[in-house]
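There are 4 protein chains.
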Amino acid sequence: MHYAKPLPAYLVQRFNGWKATSYQENKAWFRRLAESGQHPRAMVISCCDSRVHVTSIFGADEGEFFIHRNVANLVPPFSPDGQVHGTSAAVEYAVTALRVAHIVVLGHSHCGGVQGCHDMCSGAAPELELASSFVGRWMDILRPGYARVAHLPDAARPRALEKEAVLVSLENLMTFPFVRAAVEAERLTLHGLWTDTGEGGLEQYDPAVGFVPV
Amino acid sequence: MHYAKPLPAYLVQRFNGWKATSYQENKAWFRRLAESGQHPRAMVISCCDSRVHVTSIFGADEGEFFIHRNVANLVPPFSPDGQVHGTSAAVEYAVTALRVAHIVVLGHSHCGGVQGCHDMCSGAAPELELASSFVGRWMDILRPGYARVAHLPDAARPRALEKEAVLVSLENLMTFPFVRAAVEAERLTLHGLWTDTGEGGLEQYDPAVGFVPV
Amino acid sequence: MHYAKPLPAYLVQRFNGWKATSYQENKAWFRRLAESGQHPRAMVISCCDSRVHVTSIFGADEGEFFIHRNVANLVPPFSPDGQVHGTSAAVEYAVTALRVAHIVVLGHSHCGGVQGCHDMCSGAAPELELASSFVGRWMDILRPGYARVAHLPDAARPRALEKEAVLVSLENLMTFPFVRAAVEAERLTLHGLWTDTGEGGLEQYDPAVGFVPV
Amino acid sequence: MHYAKPLPAYLVQRFNGWKATSYQENKAWFRRLAESGQHPRAMVISCCDSRVHVTSIFGADEGEFFIHRNVANLVPPFSPDGQVHGTSAAVEYAVTALRVAHIVVLGHSHCGGVQGCHDMCSGAAPELELASSFVGRWMDILRPGYARVAHLPDAARPRALEKEAVLVSLENLMTFPFVRAAVEAERLTLHGLWTDTGEGGLEQYDPAVGFVPV
Numbered sequence: 001m002h003y004a005k006p007l008p009a010y011l012v013q014r015f016n017g018w019k020a021t022s023y024q025e026n027k028a029w030f031r032r033l034a035e036s037g038q039h040p041r042a043m044v045i046s047c048c049d050s051r052v053h054v055t056s057i058f059g060a061d062e063g064e065f066f067i068h069r070n071v072a073n074l075v076p077p078f079s080p081d082g083q084v085h086g087t088s089a090a091v092e093y094a095v096t097a098l099r100v101a102h103i104v105v106l107g108h109s110h111c112g113g114v115q116g117c118h119d120m121c122s123g124a125a126p127e128l129e130l131a132s133s134f135v136g137r138w139m140d141i142l143r144p145g146y147a148r149v150a151h152l153p154d155a156a157r158p159r160a161l162e163k164e165a166v167l168v169s170l171e172n173l174m175t176f177p178f179v180r181a182a183v184e185a186e187r188l189t190l191h192g193l194w195t196d197t198g199e200g201g202l203e204q205y206d207p208a209v210g211f212v213p214v
Numbered sequence: 215m216h217y218a219k220p221l222p223a224y225l226v227q228r229f230n231g232w233k234a235t236s237y238q239e240n241k242a243w244f245r246r247l248a249e250s251g252q253h254p255r256a257m258v259i260s261c262c263d264s265r266v267h268v269t270s271i272f273g274a275d276e277g278e279f280f281i282h283r284n285v286a287n288l289v290p291p292f293s294p295d296g297q298v299h300g301t302s303a304a305v306e307y308a309v310t311a312l313r314v315a316h317i318v319v320l321g322h323s324h325c326g327g328v329q330g331c332h333d334m335c336s337g338a339a340p341e342l343e344l345a346s347s348f349v350g351r352w353m354d355i356l357r358p359g360y361a362r363v364a365h366l367p368d369a370a371r372p373r374a375l376e377k378e379a380v381l382v383s384l385e386n387l388m389t390f391p392f393v394r395a396a397v398e399a400e401r402l403t404l405h406g407l408w409t410d411t412g413e414g415g416l417e418q419y420d421p422a423v424g425f426v427p428v
Numbered sequence: 429m430h431y432a433k434p435l436p437a438y439l440v441q442r443f444n445g446w447k448a449t450s451y452q453e454n455k456a457w458f459r460r461l462a463e464s465g466q467h468p469r470a471m472v473i474s475c476c477d478s479r480v481h482v483t484s485i486f487g488a489d490e491g492e493f494f495i496h497r498n499v500a501n502l503v504p505p506f507s508p509d510g511q512v513h514g515t516s517a518a519v520e521y522a523v524t525a526l527r528v529a530h531i532v533v534l535g536h537s538h539c540g541g542v543q544g545c546h547d548m549c550s551g552a553a554p555e556l557e558l559a560s561s562f563v564g565r566w567m568d569i570l571r572p573g574y575a576r577v578a579h580l581p582d583a584a585r586p587r588a589l590e591k592e593a594v595l596v597s598l599e600n601l602m603t604f605p606f607v608r609a610a611v612e613a614e615r616l617t618l619h620g621l622w623t624d625t626g627e628g629g630l631e632q633y634d635p636a637v638g639f640v641p642v
Numbered sequence: 643m644h645y646a647k648p649l650p651a652y653l654v655q656r657f658n659g660w661k662a663t664s665y666q667e668n669k670a671w672f673r674r675l676a677e678s679g680q681h682p683r684a685m686v687i688s689c690c691d692s693r694v695h696v697t698s699i700f701g702a703d704e705g706e707f708f709i710h711r712n713v714a715n716l717v718p719p720f721s722p723d724g725q726v727h728g729t730s731a732a733v734e735y736a737v738t739a740l741r742v743a744h745i746v747v748l749g750h751s752h753c754g755g756v757q758g759c760h761d762m763c764s765g766a767a768p769e770l771e772l773a774s775s776f777v778g779r780w781m782d783i784l785r786p787g788y789a790r791v792a793h794l795p796d797a798a799r800p801r802a803l804e805k806e807a808v809l810v811s812l813e814n815l816m817t818f819p820f821v822r823a824a825v826e827a828e829r830l831t832l833h834g835l836w837t838d839t840g841e842g843g844l845e846q847y848d849p850a851v852g853f854v855p856v
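Residue numbers (my numbering), protein chains in the order written: chain A, 1 to 214; chain B, 215 to 428; chain C, 429 to 642; chain D, 643 to 856.
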C-alpha cells in the first residue's frame, strides 16, 4: 500500500474551512445523526457525472437522502445469483433496512455513459462490445432502451436514450420482489426524473404522457 | 410503468427555489460544463449513507468531482469476466475516459454496511450469508479486511473494519491494469480517507503509520 | 447571548429559494396583510408534532388561520389567577381581538404527549408525576380524559385518549366566559377533529355519535 | 358537548382535495413517520399570527420541524413550580425526548401581541394590566425587553420590541438546565430570527452586531 498518497493540500484546506464553519454550525445535528442513526426519506440513484449535484438542486442536507451514484444511473434487473451486485445491494439496504419512502432515479443531459451505450449499440464503438470492457458490460443494462429509440433520427437518439436509462431502471426496480412488495403496499413510491444540467431543467416521467417539466 | 409517481411537492418547491437562485447565479458555468464537457480533477468513491456529503466537506461545486457512491465505499477486485460490474465501470470511465488525477476512497463512521459485514463474518447475521442477500454478497468484498481485524476486542472491531474497507478498496484498485499503469506513470494518485461524521473528523491513510488526522 | 448561532446554511438556502419564488408570486398579498392586518377566519389549536401540518391538510395560505400549537393540543380550564397562561392568552387574543369565527381543536395519532399522559396515569411513568416535570404538569390537563378511558383494553386506550384530548380541550374552552358568550351569540363555533397522520384520516366529533370520518 | 359543530364545508372540501393529491403522493412517507416515529431536526418557536408560515419560508415538509406557536413567540423563564407551563413543556419534550439539534425562535413584524405589550408598558392599555387579562399576563414575559427599548423614539419602539421578544426568549431558554446543558455539550444550538412578513425579509441575531439580514 506504499502507493497511497497524502490528500492534495487544496482539499485539506477546504476541509479545514468546512470544519471551522459548516461543521461548527451543524455539530449538534451531525452528532445526533451519528448517535441516533440515519432516517433518510428517499433513496436517490443518480449518475457519477460531476455536473449532477442532487443535494444542490433539492437543497438537501446531511441525513435526507441515501444516494447511490453509478455510471448512467442504472439499476440492473433482479438477479440473485450469488454474485457481486453493488447497485442491487444499495437498493436492498435502502428498502429493507432503511425503509425509504421514495426511490428517485435521476437521469441527466450529456451523459457519457449513455453516449457510450448509444455508440456501442449503433456499431460506432466496437471496443465497448469486448468482454473486458466494464463500461460496455455495464451499459448492456440499457440495451432494451436502445431498442426503443433506434428508430429516431440521429440527433434525437442520445437524449431519448438518457430518458430510457431512467425508464429501464424503474422497470428493473420493479423486478426486485422487495421493491414491488413495498410499492404495492404503498410504503414506497418510485419517481423518474431527467435534468438538463446546462439549462437547469427538470422533467419527470408521467406514465400518461412521458417526460414533462416539473 | 404505471407505478411511476409525481415528485413530492416539497422537492418540486425546493428545485424551483434552486432554479431561481443558485442556477441563475451559476448559469454561465453550468452551460459551459454542458457544452465543453466535464473535466473533473478527482474521482471520489464514498458510501451511499445520507450522513456522508463529500461535496460539503470539500466545498466542491459542479464539475469538480466524479462521484461513485455505493454501500460501504467498496471496490471489488479486477474481474474482467464479461459480467456486470458497476463500480469497475465507474473506475474505468474515470481513469480511461476522464483521466482523473486522483481517486479518493472515503470511508466513514457508523457505516451500516460495514456493521453488516462485521456481523456476518462473526456469525451474528447468518441471513447475510445467503446467496440471495445482495448486501451480503457485496460485503464479501470486505472479508479479507475482517480477517485482519478479527483479533481486536469487540468494541474496536467495527471502526477498524471501516478503515479496512478503505484499504481493501485501495488494494483492489491496484489490481486494475489501467489504474496501476496510471499510478506508475504518475498520472494518477490514490488516497484513503475515513471521516467521523458526528465529530467532523477526517483521517487519511499514511502507509508508514496508518490512519492519521489530516 | 453569545450562544446565539448563525442559521444553518441549508435553511438560509431554502429561505432564499422561497424569497425568489413564492414570495415574489404573493408579494402583493403579503404586503396587504402587513398593512391592513390579519383577519383570520379560524383559530386552530394543534400539536407541535412534526407530522401534523394543519396548513397542508387544509390548503391554508398566509392570513387564513391563527394557529396555536402546543404539546397534545390542550386547552387548560379558565383560571384567571394572574399567572402566565400561554394557551389561554392565545384563545383570548383570537376570540376577543381577532374575533375568529371558528376554533378548531385538532388531535392526532401517535401523539407522544398523550402517550406520556397515559403512562403517567397508569403508573408506568412515575417521573412524570414530579413537580419538576413540565410535560407531566401540562398533561395533568388531560387527567379527566384518562378517567374516561381507563376501563378500555390496553391497546385501545392511547387512541381513545388522543380523542379525549380534543374533548377535554373543547370542554375547557367553554369555561372561558368570552368563548361561551361568543358561542351562545352564534358568533363562534367550536370543532373537534382527530387526524391519523399515517393514513391521512380525519374524524370530527359529532355530539350525537362521537368521532366520525368527515 | 352539544356545542361542537360540523367542520365548515370548505375545509372538508379542501381536506378531501389534499387526501386525493398530496396525501396520495406522500403516503409512503407519512406511513413511515407514523410507524417509525418523528425525528425532527429542529424545534421552531413562532407566533400564532396567521401571516407567519414557518413551513413555507423554509420549505419544510412533514417530519422536519417540531413547531410550538404561541402569542409573540415567547418562552417564559424556567419555573419548576408544579404549575401548568405549556411552552416549557414543549421545550422540555423537544430537548429531552426528541433531542432536537436546533431551537429557532422566529419573531415577526406587525406582531399584535408585542404591540399589546408595548401599549401596556407605556401606559396606553391599562386593561392589559388586569390580573384577568391572559394576554397581559403572558406579555409580562416581555417586560424586561420593554425596559431595553423604552428610550427609543415612538416609531422605532414596536419593531425593536419584536426583536427583544426573540432575545428575551433566547435568554429564558438558557435558564432551563436541560437547555443549557445541551447547548454547553454542543448537542443543541439556539437561533434568533425576525421576519418582515410583508417584505419577505429575514434577519438573524448575531451576538456581535445585533440583527442582520441572513
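Glycine residues also receive a C-beta, built at the ideal position from the N, C-alpha and C atoms.
Just so it is clear, the structure is predicted and the values come from calculations on it, not from any experiment.
Quiz item: Where does F143/A sit, in a helix, a strand or coil, going by DSSP?
Solution: According to the sequence shown, residue 143/A is Arg rather than Phe. Helix at R143/A.
Quiz prompt | A150/A - containing alpha helix (DSSP H), residue span | solution = Per DSSP, A150/A lies in no alpha helix (DSSP H) segment and is marked neither H nor E.
Quiz item: Does Q227/B come within less than 7 Å of chain D when only Cβ atoms are used?
Solution: So, interface residue.
Quiz prompt | Closer than 7 Å to chain C by CB, G412/B | solution = At a cut-off of 7 Å between beta-carbon atoms, G412/B makes no contact with chain C.
Quiz item: Within 7 Å (strictly less), CB to CB, does D81/A reach chain C?
Solution: No Cβ of chain C is located within less than 7 Å of the beta carbon of D81/A.
Practice problem: Could you tell me the distance, in whole angstroms, from the CA atom of A798/D to the CA atom of A792/D? | Solution: Approximately 10 Å, taken between the alpha carbons.
Quiz prompt | Residues that A485/B contacts on chain C, provided the C-beta gap is smaller than 7 Å | solution = Since the first and last residues shown for chain B are 215 and 428, residue 485/B lies out of range.
Quiz item: Which residue spans inside the region 456 to 502 of chain C form an unbroken alpha helix (DSSP H) run of at least 4?
Solution: Qualifying alpha helix (DSSP H) stretches, in chain order: 482 to 485.
Quiz item: Taking buried to mean at least 16 other C-beta atoms within 10 Å of its own C-beta, is E239/B buried or exposed?
Solution: Result: exposed.
Quiz item: Could you give the distance in angstroms between the alpha-carbon of S550/C and the alpha-carbon of A304/B?
Solution: Approximately 59 Å, taken between the alpha carbons.
Quiz item: What is the DSSP secondary structure of T623/C, reduced to helix, strand or coil?
Solution: Reduced to three states, the DSSP call for T623/C is strand.
Quiz item: If the cut is a Cβ gap below 7 Å, which residues of chain D does Y431/C touch?
Solution: Chain D residues near Y431/C: M816, V825, L832.
Quiz item: Pairing CB atoms from the region 272 to 281 of chain B with CB atoms from the region 326 to 336 of chain B, are three or more of them under 8 Å?
Solution: With a cut-off of 8 Å, the region 326 to 336 of chain B and the region 272 to 281 of chain B do not count as touching, because too few Cβ pairs lie within range.
Quiz item: Which residues mark the beginning and the end of the beta strand (DSSP E) in which H546/C is found?
Solution: Where H546/C is concerned, there is no enclosing beta strand (DSSP E), although the alpha helix (DSSP H) around it starts and stops at 540 to 549.
Practice problem: Would you mind reading off the limits of the alpha helix (DSSP H) that contains Q387/C? | Solution: Nothing can be reported for residue 387/C: it is not among the residues displayed for chain C, which extend from 429 to 642.
Exercise. Report the option in S474/C, A559/C, N444/C, P468/C whose CA atom is closest to the CA atom of W622/C.
Key: When only C-alpha atoms are compared, the closest one is S474/C.
Quiz item: Does the distance from the C-beta atom of F78/A to that of F176/A stay below 7 Å?
Solution: Yes, these two residues count as a Cβ contact at 7 Å.
Quiz prompt | Residue-level contact to chain C via CB, V713/D, 7 Å cutoff | solution = Interface with chain C (7 Å Cβ-Cβ cutoff): V713/D is included.
Quiz item: Taking the alpha helix (DSSP H) that P855/D falls in, what are its first and last residues?
Solution: First-last for P855/D: 852 to 855, but that is the beta strand (DSSP E), not the alpha helix (DSSP H).
Quiz item: Do we get a CB-CB distance below 7 Å when we pair V637/C with the residues of chain D?
Solution: The C-beta of V637/C comes no closer than 7 Å to any C-beta of chain D.
Quiz prompt | Cβ shell of I317/B (< 6 Å), same chain only, five flanking positions each side left out | solution = Non-local C-beta neighbours of I317/B in its own chain, meaning closer than 6 Å and more than five positions away in sequence, comprise M257, L404, ordered along the chain.
Exercise. Please confirm if the region 648 to 660 of chain D is in contact with the region 563 to 571 of chain C, defined as three or more CB-CB distances below 8 Å between the two stretches.
Key: Touching, no, given that fewer than three Cβ pairs across the two stretches are closer than 8 Å.
Quiz item: Alpha carbon to alpha carbon, how far is R32/A from K433/C?
Solution: R32/A and K433/C: Cα-Cα distance of roughly 18 Å.
Exercise. Could you check if L595/C is buried or exposed, using at least 16 other CB atoms within 10 Å of its CB as the buried criterion?
Key: Around the beta carbon of L595/C, a 10 Å sphere encloses 16 or more other beta carbons of the protein chains shown; the residue is thus reported as buried.
Quiz prompt | Validate contact between the region 66 to 77 of chain A and the region 47 to 55 of chain A using beta carbons, cut 8 Å, 3 pairs | solution = With the cut-off at 8 Å, the region 66 to 77 of chain A and the region 47 to 55 of chain A touch.
Practice problem: Residues of the region 86 to 97 of chain A with a CB closer than 8 Å to any CB of chain B: list them in chain order, please. | Solution: Listed in sequence order: G86, T87, S88, A89, A90, V91, E92, Y93, A94, A97.
Self-check item: Inter-residue Cα distance where the pair is G210/A and R255/B
Solution: Distance between the alpha carbons of G210/A and R255/B: 36 Å.
Quiz item: Can A743/D and W29/A be called in contact, C-beta distance under 7 Å?
Solution: Less than 7 Å divides the Cβ of A743/D from the Cβ of W29/A.
Self-check item: Per DSSP, cross-strand counterpart(s) of H322/B
Solution: Partner(s): T409/B.
Quiz item: Tell me the DSSP bridge mates of H4/A?
Solution: The residue you asked about is not His; residue 4/A is Ala in the sequence shown. Paired residue(s): L404/B.
Quiz item: What in chain B is Cβ-close to H68/A, meaning under 7 Å?
Solution: Those within 7 Å of H68/A in chain B are C262, R283, N284.
Quiz item: DSSP on D206/A, reduced to helix/strand/coil?
Solution: Three-state result, D206/A: strand.
Practice problem: Say whether chain B places a C-beta atom closer than 7 Å to the C-beta of D782/D. | Solution: By this cut-off, D782/D is not an interface position.
Quiz item: Looking only at C-alpha atoms, which of L188/A, L173/A, N172/A, E162/A sits nearest to D196/A?
Solution: Distance check between D196/A and each of L188/A, L173/A, N172/A, E162/A places E162/A closest, using alpha-carbon atoms only.
Self-check item: Three-state secondary structure assigned by DSSP to G415/B
Solution: In the structure shown, G415/B falls within a strand segment according to DSSP collapsed to helix, strand and coil.
Self-check item: Beta-carbon proximity of L152/A to A160/A, cut-off 7 Å
Solution: For L152/A and A160/A, yes; Cβs fall inside 7 Å.
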